[in-house]
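According to my numbering, the sequence shown is numbered sequentially starting from 250.
We put the CB at the ideal spot given by N, CA and C, even for glycine.
Just so you know, these numbers come straight off a predicted model, no measurement behind them.
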Amino acid sequence: MRFAAGEGLAASLTVLVRDVSAYAGRKGIRAGVLVLSGAMLEGIGLALIAPMLAVLFGGSNGNGRLQRVSAMLFDWTGLTTLPARLALLLGVFVVAMIVRAVVLMARDATLAELRIGFVEQQRCRVAEDLAAASWSKVVRLRHARVIQVMSGDIQQIGVAAFFLTQCLTSVVMLAAQCVLALWLSLPLALLSFVLLIASGLALFPTMRRANALGKVFTNASQILLHGTSQFLGGLKLAVSQNLQSGYLAEFRATIAEQSEQQIRYLRQQTASRLVIATVSAVVGALLVLAGLTVFHVAPAMLVALLLVVARMSGPSGQIQQGAQMLANALPAYDAVRSLRHDLEDGAMPIVAADDAQPVSGEIRFDQVTFAHPQDGGGEAHGVHDLTLTIAPGTCLGIKGASGAGKTTFADLLAGLYPPQSGTITVDGEPLGAMLGRWRNSIAYVAQDPFLFYDTIRRNLAWADPSADESRMWQALDLVEASGFIRALPAGLDTVVGERGTLISGGERQRIALARAVLRRAKLLILDEATNALDPATETAILDRLRTLDPRPTLVIIAHRPDSLNGCDRVLTMSDGQLA
């Protein structure tokens with residue numbers, strides 16, 4: 250996927266049309282046939298108006314070709330009386346309109362399926378890109394940007410897809426009506442086309458303004474979402490220190506700016522509709538005047554042509570308004586493409602968990618270096634020339650000051666970051682060549698464990714969906730969590746809140762440890778995973794983890810020396826190296 254920042258309106262529209270067409274495939278061809286059929290059937294219905302008026306009021310319909318077709322139809326049916334001929338024409342008209350209604354129903358259903366499918370495809374692709382992206386890319390993303398793309402921007406893509414299909418449908422209908430108008434009266438049709446095209450060109454600049462406003466909406470929505478996310482994350486701190494007023498002032502300013510832009514956009518749309526209505530009225534008046542005084546068109550033909558032109562104003566207005574809405578929604582599609590482009594570099598294919606058998610063996614770091622890039626320069630933190638061997642079943646303790654490189658080491662061990670130099674191997678096989686199998690072998694518990702806004706049962710089952718309640722209680726007993734959970738009114742079905750905020754920090758850590766135990770991992774990484782527990786509870790839990798059978802390789806990162814007392818080896822990290 251290629252993406253160029255700052256693409257113009259035409260380039261963005263071209264990409265959207267290309268991507269929708271690629272997704273549509275055969276269903277798109279079917280939709281095109283239905284759109285064309287609906288336009289042709291409407292043209293047949295409009296063409297029947299002139300001969301019906303001619304039969305009803307007498308005289309010629311003013312069109313030689315239409316006159317011959319009508320005469321052939323009457324001769325073939327043998328109808329000679331006025332009521333019979335009128336009934337025949339009305340019957341053909343009714344049948345054509347019923348068939349058209351059926352075709353339009355199928356057309357709208359097919360187009361809706363295409364729009365919904367395309368939007369969901371975009372949402373799934375963003376999720377897949379996030380899951381496959383390099384971890385170094387993911388951790389540097391603003392959460393507000395991702396949430397905005399997955400919610401508001403994807404929704405705007407649905408709007409863009411809707412108006413794109415509406416515009417294309419209107420173009421086909423307008424083309425069919427133009428052909429009919431030319432067939433009815435060439436000079437009057439050409440006159441109306443000139444007037445309609447001139448009005449369309451005059452409104453073209455509004456598309457650029459709509460596109461610019463769309464960019465403002467997209468940016469403002471992301472800023473608002475980021476501010477809301479930050480405020481919710483720090484709400485406890487803000488309330489405790491009476492800092493809510495600053496957030497509220499920023500919130501009001503952002504809302505005011507969005508409201509002003511929306512009002513400008515609505516005024517622009519209202520002005521465009523006024524222009525379209527005025528032009529339609531002027532075109533109709535000029536056609537009547539020119540038809541009667543200059544071209545001497547028969548009244549029946551003039552009425553039919555006026556109806557055709559009146560019908561043309563509908564698709565013309567839909568094209569103009571749809572184009573504005575499409576231009577307004579295109580920046581959201583650009584935002585989605587931009588995020589996907591940013592995630593491309595370093596992406597890895599996703600290996601299904603069932604297709605990747607766990608692996609264990611000797612882990613070796615050989616002169617591994619990884620430095621985190623720093624915005625604006627500055628000293629990069631990480632690990633440097635790290636050489637280390639971890640035998641299977643070893644309990645390894647890692648200690649060191651904050652910023653010494655302990656968490657970077659754990660992330661490298663989990664395969665989240667690829668070494669910038671040096672190699673990591675498991676039983677002699679490069680880690681990068683076996684990431685799917687390796688990650689199936691790992692349980693990783695961080696200092697601030699993540700719990701879903703769900704029940705304790707669902708949070709535990711996330712590690713192993715096949716785990717039954719008996720296994721869950723065994724894991725909870727091992728980490729001394731079963732007591733407080735049994736005391737809860739809902740037990741395992743207690744909802745823990747956003748990120749587990751309805752329970753204490755120590756309870757969160759114990760649930761996360763139980764989840765790791767359920768995984769039956771070959772390698773268990775604990776990065777300050779017990780620092781919220783009291784020393785006695787921590788010691789008891791770590792002792793039990795070391796007695797698991799089969800015993801996993803344990804890597805315990807901690808600040809408290811007592812946390813590492815039972816380890817087979819204890820290493821100290823300083824400035825990204827083993828001291």
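- In the DSSP assignment, Lys-648 is bridged to Thr-821.
- Scanning its chain for C-beta atoms nearer than 7 Å, with the 5 sequence neighbours on each side dropped, one finds around Cys-816 the residues Cys-644, Leu-645, Gly-646, Ile-805, in chain order.
- One thing to note: Leu-290 has its Cβ no nearer than 8 Å to the Cβ of Val-343.
- For the 8 Å CB-CB criterion, Asp-824 and Ala-653 form a contact.
- When DSSP states are grouped into helix, strand and coil, Pro-679 belongs to the strand group.
- Look at Ala-716 here: in three-state DSSP terms it is coil, with no helix or strand label.
- Around the beta carbon of Leu-497, fewer than 16 other beta carbons sit within 10 angstroms, so the residue counts as exposed.
- As computed with DSSP, Tyr-666 is found in no beta bridge at all.
- A straight line joining the alpha-carbon of Leu-782 with that of Arg-706 spans about 22 Å.
- Around the CB of Cys-373, fewer than 16 other CB atoms lie within 10 Å, so the residue is classed as exposed.
- Boundaries of the alpha helix (DSSP H) harbouring Leu-290: 258–296, taken from the DSSP string.
- A direct Cα-to-Cα measurement between Arg-768 and Ile-760 gives close to 13 Å.
- CA-CA distance, Leu-579 to Asp-676, rounds to 51 Å.
- For Leu-737, the three-state secondary structure derived from DSSP is coil.
- Contact between the stretch 607–626 and the stretch 652–671 is present: three or more C-beta pairs spanning the two stretches fall below 8 Å.
- Put simply, the backbone Cα of Arg-735 is about 29 Å away from that of Leu-772.
- As DSSP reads the structure, Asp-615 sits in a beta bridge with Thr-672.
- Residue burial annotation: Met-422 is buried, with at least 16 other C-beta atoms found within 10 angstroms of its C-beta.
- In this structure, Leu-363 lies near Ala-280, with their beta-carbon atoms less than 8 Å apart.
- Around the CB of Gly-571, 16 or more other CB atoms lie within 10 Å, so the residue is classed as buried.
- Counting along the chain, the unbroken alpha helix (DSSP H) around Thr-786 starts and ends at 784–795.
- Taking a 10 Å sphere around the C-beta of Met-321, we find fewer than 16 other C-beta atoms and assign the residue as exposed.
- With 16 or more other CB atoms across the displayed protein chains lying within 10 angstroms of its CB, Pro-300 is buried.
- The three-state secondary structure of Val-744, taken from DSSP, is strand.
- At a cut-off of 4 residues, the continuous stretches assigned as alpha helix (DSSP H) that sit fully inside the stretch 361–394 are 384–387.
- A Cβ-Cβ separation of about 11 Å leaves Ser-719 out of contact with Leu-725 under the 8 Å criterion.
- With 16 or more other Cβ atoms from the protein chains shown falling within 10 Å of its own Cβ, Thr-359 counts as buried.
- The beta strand (DSSP E) runs of length 3 or more contained entirely in the stretch 317–352 do not exist; there are none.
- For the pair of segments examined, the stretch 258–268 was found not to touch the stretch 395–402: the number of CB pairs separated by less than 8 Å stays below three.
- Separation of the CB atoms of Leu-417 and Val-395 is rounded to 31 Å, and the pair is thereby denied contact status at 8 Å.
- Shown here for Ala-273: same chain residues with a beta carbon closer than 6 Å to its own, the five before and five after excluded, namely Leu-363 in chain order.
- In the three-state reduction of the DSSP assignment, Asp-594 falls in the coil class, being assigned neither a helical nor a strand state.
- For Ala-361 and Gly-407, the gap between their C-alpha atoms comes out near 10 Å.
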